[in-house]
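These notes concern the structure reproduced below.
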Amino acid sequence: MAQINKPDHRGLSHVLKAFGYSMKGFKAALQFEEAFRLELLALVVMVPAAIWLGSNGIERAIMVGSLLLVLIVELINSAIEAVVDRVGIEHHTLAGRAKDIGSAAVFMALLNVATVWGFILFDRFWK
């Protein structure tokens, strides 16, 4: 079954096209999203700290994974905001709700970082 408005890419061609679209997305996030830039900076600083502070590979992976999750959720939130803004600039209750829920998702990802790092660091230094 053919899909409308979708190029017929398969195999390696599909992977290469998807990679290109992903790079365009990263570039757009870096160019237009201040929160993404700040969270990426935090990741650059905190990954070496996670490698140093984690006592084993599992702890390091969980600490770094929690940081990557923030970037993932921020990208999704930014995509939601872009679509909502594309639909219209006038205030609408549902548009505001979509943006607020996206923001809440980012907050939860940040809370996850604090929780993961807090448990690991407490266990390492205060137990």
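Quick note on the numbering used here: the sequence shown kicks off at 62 and runs consecutively.
Glycine residues also receive a C-beta, built at the ideal position from the N, C-alpha and C atoms.
All values reported here derive from a predicted model rather than from experimental measurement.
Same chain, Cβ closer than 7 Å to residue i, neighbours up to 5 away in sequence not counted
i, result
"Ser139", "Ala90, Glu94, Phe97"
"Val125", "Val108, Ala111"
"Met84", "none"
Residue i - DSSP class collapsed to helix/strand/coil
i, result
"Asn173", "helix"
"Asn117", "coil"
"Ile150", "coil"
"Lys188", "coil"
"His70", "coil"
"Glu94", "coil"
Chain B contact for residue i (CB, 8 Å cutoff)
i, result
"Leu171", "Protein chain content of the structure displayed is limited to a single chain, and chain B is not contained in it."
Any non-hydrogen atom of the ligand SAH within 7 Å of residue i CB
i, result
"Lys78", "Among the ligands in the structure shown, none appear at all, so the ligand SAH cannot be discussed."
Neighbourhood of residue i by C-beta, 6 Å cutoff - its chain only, sequence neighbours within 5 removed
i, result
"Ile123", "Val177"
"Ala170", "Leu130, Val131, Val134"
"Leu73", "none"
Residue i and residue j closer than 8 Å at C-beta
i, j, result
"Ser127", "Val167", "no"
"Leu49", "Gly86", "A question about residue 49 goes unanswered here, because the residues of the chain that appear run from 62 up to 188."
"Leu182", "Leu104", "no"
Assumed close pair residue i, residue j - CB separation to whole angstroms, cut-off 8 Å
i, j, result
"Ile133", "Gly163", "Not really, about 12 Å apart at Cβ, beyond 8 Å."
Residues near residue i by beta carbon distance below 8 Å, same chain, minus five either side
i, result
"Trp187", "none"
Original post:
Touch check for the region 115-122 and the region 152-159: three-plus C-beta pairs under 8 Å?
Top reply: no
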